[in-house]
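Under the working numbering, the sequence shown has 323 at position 75, and the numbering climbs by one with no breaks.
Where is the CB? At the ideal position from N, CA and C, for every residue including glycine.
Predicted model only: the values in this text are computed from it and were never measured.
Right, one structure below, let's go through it.
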Amino acid sequence: MMETVTVRSSNEQAFNIQVSGLVQGVGFRPRVWQLAQRFDLRGRVSNNGNGVQILVAGEEDNLRHFIHELTHNPPPLAKIAEIFSSGILLSDVPEETFVIAGSDKTHVQTGIVPDVAPCADCVKEIFDPFARRYRYPFTNCTHCGPRLTIQEGIPYDRPSTTLKNFPLCEACLKEYHDPQDRRFHAQPIACHACGP
Numbered sequence: 249m250m251e252t253v254t255v256r257s258s259n260e261q262a263f264n265i266q267v268s269g270l271v272q273g274v275g276f277r278p279r280v281w282q283l284a285q286r287f288d289l290r291g292r293v294s295n296n297g298n299g300v301q302i303l304v305a306g307e308e309d310n311l312r313h314f315i316h317e318l319t320h321n322p323p324p325l326a327k328i329a330e331i332f333s334s335g336i337l338l339s340d341v342p343e344e345t346f347v348i349a350g351s352d353k354t355h356v357q358t359g360i361v362p363d364v365a366p367c368a369d370c371v372k373e374i375f376d377p378f379a380r381r382y383r384y385p386f387t388n389c390t391h392c393g394p395r396l397t398i399q400e401g402i403p404y405d406r407p408s409t410t411l412k413n414f415p416l417c418e419a420c421l422k423e424y425h426d427p428q429d430r431r432f433h434a435q436p437i438a439c440h441a442c443g444p
């Protein structure tokens with residue numbers, strides 16, 4: 249039986265990056281995922297009690313561009329207080345791709361962003377008679393919608409919100425898992441079929 253061997257560049261590095269501030273419930277993890285894809289990085293991002301943790305590995309130049317973009321172009325609702333990074337072993341990042349991982353629920357010190365008025369795209373959807381969310385009052389995405397009023401705990405994940413008893417329908421799940429959708433990993437999404 250042949251074994252697959254992954255050959256890594258000698259120019260590859262790995263970092264543990266902790267981002268604190270208002271970084272949960274604002275589309276931060278999807279933004280990190282998109283940047284990791286853009287810069288050909290591997291690793292994972294997750295919410296934790298301090299904000300968002302990123303374990304990432306890749307080419308030195310790509311990592312530098314990744315950190316620059318993350319720092320200078322965060323999601324619109326994010327308010328970064330601090331980014332702390334430390335070098336780690338490449339073996340500490342076993343992933344072959346980049347993933348949004350489950351959250352760590354220990355040692356809570358992060359804040360929750362306030363609710364945000366519907367964005368222009370969501371308002372357009374609400375008033376479009378051909379849209380799936382036509383006249384649905386709880387229409388939202390990663391750029392708008394409820395945050396603080398639905399939050400029951402940290403980290404900000406659907407099971408820690410008042411929507412935990414409303415499983416996503418197939419159409420909402422598709423949006424939730426689509427990196428090109430503005431609802432990619434948006435925790436409070438719902439529609440007429442699956443929401444309150």
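By alpha-carbon positions, which one of Ser408, Asp405, His425, Ile360 ends up nearest to leucine 396? Checked all of Ser408, Asp405, His425, Ile360; the closest Cα to leucine 396 is Ile360.
Runs of alpha helix (DSSP H) lying entirely within the segment 259-309, each at least 4 residues, in chain order: Runs found: 276-286.
Exposed unless 16 or more other CB atoms sit within 10 angstroms - verdict on histidine 320: Classification for histidine 320: exposed.
Candidates Cys389, Pro407, Ser408, of which the one nearest aspartate 429 by Cα: Measuring C-alpha to C-alpha distances from aspartate 429 to each of Cys389, Pro407, Ser408 identifies Cys389 as the nearest.
When you compare only the Cα positions, how much space is there between valine 347 and isoleucine 374? Their backbone Cα atoms lie some 31 Å apart in a straight line.
Quick check on DSSP: helix, strand or coil for lysine 327? In the structure shown, lysine 327 sits in a strand (DSSP, three-state: E or B).
Sorted by chain position, which residues of the same chain lie with C-beta nearer than 6 Å to glutamine 301's C-beta, five sequence neighbours on each side aside? Cβ neighbours of glutamine 301 beyond the five flanking positions: Gln266, Ser294.
Touch check for the segment 365-385 and the segment 306-319: three-plus C-beta pairs under 8 Å? No, the segment 365-385 is not in contact with the segment 306-319.
Spatial distance of arginine 445 from leucine 337 (CA atoms): Residue 445 is absent from the model: the chain starts at 249 and stops at 444.
Given a cut-off of 9 Å, decide if leucine 311 and glycine 275 are closer than it, judged by their beta-carbon atoms. Taking a C-beta distance under 9 Å as the contact criterion, glycine 275 and leucine 311 do not qualify as a contact pair.
When you compare only the Cα positions, how much space is there between valine 280 and proline 377? Each residue's Cα considered, the two are about 34 Å apart.
With burial defined as no fewer than 16 other Cβ atoms inside 10 Å of the residue's Cβ, what is the status of threonine 345: buried or exposed? Threonine 345 comes out exposed.
Assuming asparagine 264 and leucine 289 are in contact, meaning their beta carbons sit under 8 Å apart, how far apart are those beta carbons, in whole angstroms? The beta-carbon distance between asparagine 264 and leucine 289, rounded to whole angstroms, is 13 Å. This is too long to meet the 8 Å contact definition.
Roughly how many angstroms lie between the CA atoms of threonine 409 and proline 436, to the nearest whole one? Our two residues, threonine 409 and proline 436, have alpha carbons roughly 8 Å apart in a direct line.
Nearest to phenylalanine 332 by alpha carbon, out of Ile315, Pro323, Pro342, Glu343? When only C-alpha atoms are compared, the closest one is Ile315.
For aspartate 309, count neighbouring C-beta atoms within 10 Å of its own C-beta (all shown protein chains included) and say buried if the count is 16 or more, exposed if not. When all chains shown are included, aspartate 309 counts as exposed.
CB-CB under 8 Å to glutamine 285, same chain, minus the five flanking residues each way: which ones, in chain order? Spatial neighbours of glutamine 285 in its own chain (CB-CB distance under 8 Å, excluding positions within 5 residues in sequence) are listed in chain order as Phe346, Pro427.
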